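Numbered per our numbering, the sequence shown spans residues 7 to 200.
Below is one structure, written out as structure tokens; the observations come after it.
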Amino acid sequence: MKELAGLLKWCEYGIIFIGLGLANSLGKSYNLEALYNLVKKLNNYTRMAIIPMRGHFNVAGFCQVLTWRSGYPFAVDYSRGYPRYNPGETTLIDLLSEGEVDAMLSIAADPVSHFPRKCIEQMAKIPLIAIDIVRTPTTELSDLIIPGIVTGIESNGTYFRMDNVPLTAKKIIEPEIDFVKSDEEILRRIYQKL
Numbered sequence: 007m008k009e010l011a012g013l014l015k016w017c018e019y020g021i022i023f024i025g026l027g028l029a030n031s032l033g034k035s036y037n038l039e040a041l042y043n044l045v046k047k048l049n050n051y052t053r054m055a056i057i058p059m060r061g062h063f064n065v066a067g068f069c070q071v072l073t074w075r076s077g078y079p080f081a082v083d084y085s086r087g088y089p090r091y092n093p094g095e096t097t098l099i100d101l102l103s104e105g106e107v108d109a110m111l112s113i114a115a116d117p118v119s120h121f122p123r124k125c126i127e128q129m130a131k132i133p134l135i136a137i138d139i140v141r142t143p144t145t146e147l148s149d150l151i152i153p154g155i156v157t158g159i160e161s162n163g164t165y166f167r168m169d170n171v172p173l174t175a176k177k178i179i180e181p182e183i184d185f186v187k188s189d190e191e192i193l194r195r196i197y198q199k200l
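In structure tokens form, the structure reads like this:
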């Protein structure tokens, strides 16, 4: 540990890559707090940053928008009418594991392939809607599948690289199924029906 501390302390510019397991293992939000405190302390000696490893296209963009709108990057709970942040308690994995989710909309993600078994069992018990461009284990489990649009190919959009640099994507072909022009339009239509 002493050797690792020395390497981190005296590097020219360090990045600590973290995965989803950090907030979903023993310690939960305390793990994140300890890591943030470590990085804050290391920044007294060198440049040090944290980059979350994200598995799906534009997860960084989702986190950017969520932070812009709520002040928090993930695990945001709006159930009381305002944003609350409590990783280790309000992530989707936490809520599914506790049986607190009674309906789910999955957008361009495949949680069935990545979540713990207990979560998948809960997903099988509740109404599940998937918006996606490909067949996945999540679409197989879904009660309703809405075909999505390929952003940057079938629609314009902005996406964020893993290092949070925004890039603009321009549409190059028309959507194969011509009922909407973007995933945003799908969500807007659902919202209008609420």
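Even for Gly, the Cβ is constructed at its ideal location relative to N, Cα and C.
These figures come from a predicted structure and were not determined experimentally.
DSSP places Phe63 outside both helix and strand once states are collapsed to three, so it counts as coil. DSSP places Leu111 inside the beta strand (DSSP E), whose first and last residues are 110-113. Nearest to Asp149 by C-alpha distance, out of Ile192, Lys176, Ala109, is Ala109. Ile152 is a Cβ neighbour of Ala136, given a cutoff of 9 Å.
The segment 56-71 and the segment 162-171 touch, with no fewer than 3 CB-CB distances between them shorter than 8 Å. Asp83 and Thr73 do not touch by the CB rule: their CB atoms are close to 15 Å apart, not below 8 Å. The beta-carbon separation of Ser103 and Pro89, rounded to 21 Å, does not stay under the 8 Å limit for a contact.
Shown here, Met129 sits in a helix according to DSSP, grouped into three states. Here the C-alpha atom of Ile139 lies approximately 43 Å from the C-alpha atom of Leu48.
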